[in-house]
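Written below as structure tokens is the structure these notes are about.
There are 2 protein chains.
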Amino acid sequence: MGSLPNQDSDNGFPITINPFEPEEFRKHAHLVIDFIVEYYKNIENYPVRSQVEPGYLKKRAPDSAPYDPEPVEDILRDVKKDIIPGLTHWQSPNFYGYFPSNMSTAGFLGEMLCTAFNTPGFNWITSPASTELENIVMDWIGKMLQLPSEFLFSGGGGGVIQGTTCEAILCTVVAARDKMLQKVGHDGIGKLVVYASDQTHSAFQKASQIAGIRRENFRTVGTTPDNAFAMTASVLRAAIESDIESGLVPLFLCPTIGTTSSTAVDPLGPLCDVAKEFGLWVHVDAAYAGSACICPEFRHFLDGVEKTDSFSFNPHKWFFTTMDSCCLWVKDPAVLVEALSTNPEYLRNKASESKRVVDYKDWQICLNRRFRSLKLWLVLRRYGVANLRNFLRRHVRMAKDFEGLMRSEKMFEVVVPRNFSTVVFRMLPVNYSSSPRVFGDQAANELTAKLLESVNETGKIFMTHAVVGGVYVIRFAIGATLTENRHINLAWDMLQEHGNQLLLTLS
Amino acid sequence: MGSLPNQDSDNGFPITINPFEPEEFRKHAHLVIDFIVEYYKNIENYPVRSQVEPGYLKKRAPDSAPYDPEPVEDILRDVKKDIIPGLTHWQSPNFYGYFPSNMSTAGFLGEMLCTAFNTPGFNWITSPASTELENIVMDWIGKMLQLPSEFLFSGGGGGVIQGTTCEAILCTVVAARDKMLQKVGHDGIGKLVVYASDQTHSAFQKASQIAGIRRENFRTVGTTPDNAFAMTASVLRAAIESDIESGLVPLFLCPTIGTTSSTAVDPLGPLCDVAKEFGLWVHVDAAYAGSACICPEFRHFLDGVEKTDSFSFNPHKWFFTTMDSCCLWVKDPAVLVEALSTNPEYLRNKASESKRVVDYKDWQICLNRRFRSLKLWLVLRRYGVANLRNFLRRHVRMAKDFEGLMRSEKMFEVVVPRNFSTVVFRMLPVNYSSSPRVFGDQAANELTAKLLESVNETGKIFMTHAVVGGVYVIRFAIGATLTENRHINLAWDMLQEHGNQLLLTLS
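One line per chain: the protein sequences are A and S, in this order.
Convert by adding 465 to the 1-based position in the first sequence; the result is the number in the numbering used here.
Convert by adding 465 to the 1-based position in the second sequence; the result is the number in the numbering used here.
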């Protein structure tokens, strides 16, 4: 009954390179691994913050894609020549900017397997292992964090690996929104109000806007240095009561464990007591600091989490797992599924209809999803809980020691007490007077900004800034996998050296 | 002025495994590469659709993460024993389900480099190469697709690599929404209407819901077999006019190039003429079939794209690039940025303030973003335009030949004329009569469903279904990188064999 030409046929369209041939794949993959090892071995020789000018790459690249194939060796040569100089090296041991984006051997191996299988696990049937391993890993991590059992699959809740915090928040805001609109009607969407502190990450505001919450209904709860920039229940209550009086509908509260500017911790218990009184959904954003809470001595920062509705943290920040991965747990997955499910004919299958499986497409924005749990599974098994805790404790210890050095030096001031592995400090114009406050924050702000730029432009270390309570601060966020005490000492030496230079210019 | 203990210190927290040591990394990465090569060499021995039962993995996994570390060798043993049986093998040459999720050696190499650098390129400064290579690659692919210059950076527009189509559509719907709400006020959100055909992917409905569009304002434009399930301008016009009469506000149209069920092509020119008359944003979803349009002979499917506002296609489907990657181009990036930008103090930097750079955080939902352009750059350079076109043409040729075989066999019917590499067919109860229509669609639907399950459960090949115009069809989507003519012949033999068996049961 007919057949196509034999297997060697090019079907009339000759190719000069096979897109996938196992032995060629092996050869080139090994080549790239060795290239990567060389990159890591040399990483301290590169300026941490890229020193290229805007538009640098356009000048070096052709205007259009090549018509003919190029050897892998030529491409790797260009990676070295053109790409690496344009990197800001987040994996450098001298990277202290933003929050870390750290990695590990195990995480890399998991990512390779994920890429090789390349399964879009949107429904259970599209790769049962992808969904089931995610179920398992999320319960494992939930237990490591001592989340209440209602957040675990084993307790009727469940977890999902999202790409980023913004996605996780968007999914929960939409779930909360749709649940509320069922009560108040769709016309009420303009009345919904969401709450966060003035320290909360911009991702929350963005997610709320995307979900159609009015920009003017994004309520910012003020914080003060007296409370170490944590949200307080009384200010939250006042804001909610005022909104209700104005005829608005309070919807959602997003407390943070470890804010971006100063790693402040919002007190979950008291905040939830208020929020729950008014029926708000509470989502905890622990993107950075959640990791640390696998250590018993830091778990208290999550006290009160049992009263919340959802919780997320990002293994791709400070948990030795490459991007992207944001773990989100919810107590009531049905609300998430209600808001996010679709059921087109072409995706129907017996397993889904049996209701015995999780179809993660209904837990997230996207349909297609990578087999992200593999890398977390590799990290957890390869290192074990004991090592993971100690990896984190070492970073926290470095930060504690660095904070101690800072406090020993008159020209520096630790502006906010340290909670985790990030030290928030500023520089003071101390040679003007023994009482720097005489010069006001403005002088210190300017000096601190100068110090930051002066140090960053050397390329030897990289830090970033924030402004808390009107004070310009440098954030020294420890968490790169390769950072050791000697790197902290290098940074400390540089800060003193550049600080002293700056003080000379003042006198 | 003080310093921390020497570099060998464990800071009081001993670890038994280093999270990253270059030589150990090299050793284990090579091990995993060899593991992956073995996987690919054996891939035809695995059942394409996983045969595990729901809950299979839970039975095999411990209840909590290990406290102590485990050897990489043990973990890989478990990947083979526990994970691979739970995979549906999208990389199998016998995978014809959904749309492909194909890969290539070059794509894999790019993904390894992306993972190794692990840079979150949210702002230009966080890794200039990440942003600039994305600018370049997006212009390259835009030119390969002969997109109008207004979509390219070089022409005042620009492109961004999103994770999935749903994200791309969500970003453009939100951009269009906020632009419209500036005119009509936020209270108008309940009046906004979005339009798509009854063949459009569920991602559009989902994105609209997330953006706060009322579910009842998701307008489905009916299609018919007479137009090969393409949307028609006259039906669209009627729907828009009716909505305007009802006091609603038409917002957004999403035509598809290559629908999921039958790879139908909506005619962009005539649809845009209507949409633009009423001021709608038009976004083209070419997730699957966009790839083919780099071949001059298929480019006509995009005719009219010059009248649209945005366009997306997914290299992670049929462009030899691993997940996730969805290329989105917009004519007016400012509208996207207006809707999606945030500017918190802690992300401020000189480069952004110079307005000379692109900050991709304002072009997407998420903040963090992987260096996805690397894998596309590797694919484009390693293969070149000539090979990429021929890779695609070979798949289309296989589909054309397979369609020919189908048409030669009385028990099969090609239900919708083939446009690309997907053949849409059904089985007919031909031994009952020479005129199968006597038995109606219902009999054919049931028979086709039986055929699909009968073939799929062998594990030898995997296909999925759809329903178009009330007709249950099997979609035979060719696009796996490893598929050769011999695999198509195997599938053809199996379909005939199982078809004949089924006919016997009817007589």
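Every residue gets a Cβ at the ideal spot worked out from N, C-alpha and C, and that includes glycine.
The structure displayed is predicted, hence computed values, not measured ones.
Is it right to say A/Ser775 is buried, meaning 16 or more other beta carbons lie within 10 angstroms of its own, or is it exposed?
buried
DSSP puts A/Phe778 in a beta bridge; with which residues?
A/Cys792
Is S/Trp555 close to chain A? Criterion is C-beta to C-beta, closer than 7 Å.
yes
Where in the stretch 705-791 of chain S do unbroken runs of the beta strand (DSSP E), each at least 3 residues long, occur, reported from the N-terminal end onward?
714-718, 746-750, 775-778
Beta-carbon gap between A/Ala668 and A/Thr630 smaller than 7 Å:
yes
Closest to S/Ala695 by CA distance: which of S/Ile705, S/Ser777, S/Gly734 is it?
S/Gly734
CA-to-CA distance, S/Ser806 to S/Val850, given in whole angstroms:
35 Å
Any beta carbon from chain S within less than 7 Å of A/Pro690's own beta carbon?
no
Any residues in the stretch 832-855 of chain S with a beta carbon nearer than 7 Å to a beta carbon of chain A? Which ones, in chain order?
Leu832, Asn833, Arg835, Leu843, Leu845, Arg846, Arg847, Tyr848, Gly849, Val850, Ala851, Asn852, Asn855
Is any beta-carbon of chain S found at less than 7 Å from that of A/Thr724?
no
Using 8 Å for Cβ pairs, my map puts A/Tyr465 next to A/Phe616. What's the rounded Cβ distance?
No statement about residue 465 of chain A is possible, as the shown extent of chain A runs from 466 to 972 and does not include it.
Could you give the C-beta distance for A/Arg680 and A/Val659, rounded to a whole number, given that I count them as a contact under 8 Å?
Going by Cβ atoms, the distance from A/Arg680 to A/Val659 rounds to 11 Å, so no, they are not a contact pair.
Tell me, to the nearest whole angstrom, how far the beta carbon of S/Leu767 is from that of S/Cys758; I am working on the premise that it is less than 8 Å.
5 Å
Check whether the stretch 743-751 of chain S and the stretch 771-791 of chain S touch, using three or more Cβ-Cβ pairs below 8 Å as the test.
yes
What residues from chain A crowd round S/Gln670, counting only those whose CB sits closer than 7 Å?
Thr807
Looking only at its chain, what residues have a beta carbon closer than 8 Å to the beta carbon of A/Trp605, apart from the 5 residues adjacent to it on each side?
Leu845
Throw me the rounded Cβ distance for the A/Ser557 and A/Ile508 pair, which I believe falls under 8 Å.
5 Å
For A/Ser662, I'd like the list of residues in its chain whose CB is within less than 6 Å of its CB, leaving aside the five on either flank, ordered along the chain.
Val686, Thr688, Met696
Using the three-state DSSP reduction, which class does S/His666 fall into: helix, strand or coil?
coil
Bridge partners for S/Gln627 per DSSP, in chain order?
S/Cys791
For S/Tyr660, the three-state DSSP class (helix, strand or coil)
strand
Local conformation of S/Arg940 per DSSP, three classes:
strand
Let's see if you can read the secondary structure: which residues bound the beta strand (DSSP E) around A/Ser696?
Note on identity: in this sequence residue 696 of chain A is Met, with Ser being the wrong assignment. Looking at the DSSP string, A/Met696 is not in any beta strand (DSSP E), and its letter there is neither H nor E.
Is the beta carbon of S/Ala931 less than 7 Å from the beta carbon of A/Tyr811?
yes
How about A/Phe485 and S/Thr481: are their beta carbons less than 7 Å apart?
no
Tell me the DSSP secondary structure of A/Arg847 in three-state form.
helix
Measuring alpha carbon to alpha carbon, tell me which residue in S/Asn510, S/Phe490, S/Met863 is nearest A/Ile501.
S/Phe490
Anything in chain A within Cβ reach of S/Tyr532, meaning under 7 Å, just list it in chain order.
Gly849, Val850, Ala851
Should the stretch 593-603 of chain S be called in touch with the stretch 620-627 of chain S, which here means at least 3 C-beta pairs below 8 Å?
yes
Would S/Gly655 pass as an interface residue toward chain A - the criterion being a Cβ-Cβ separation below 7 Å?
yes
Sequence-distant residues of the same chain with beta carbon closer than 6 Å to A/Leu969, five excluded per side:
none
Let me see if you follow: with CB-CB separation under 7 Å, is A/Gly769 close to chain S or not?
no
Quickly, what does DSSP pair S/Thr685 with across the bridge? List them, please.
S/Ala661
Below 8 Å on the Cβ atoms is my contact criterion, and I expect A/Asp454 with S/Leu469 to pass it. Report the Cβ-Cβ distance as a whole number of Å.
Coverage of chain A is limited to positions 466 through 972, which leaves residue 454 of chain A absent and any answer about it impossible.
Considering Cα atoms alone, identify which of S/Glu878, S/Leu857, S/Thr913 is closest to A/Gly477.
S/Leu857
Does DSSP classify S/Tyr563 as helix, strand or coil?
coil
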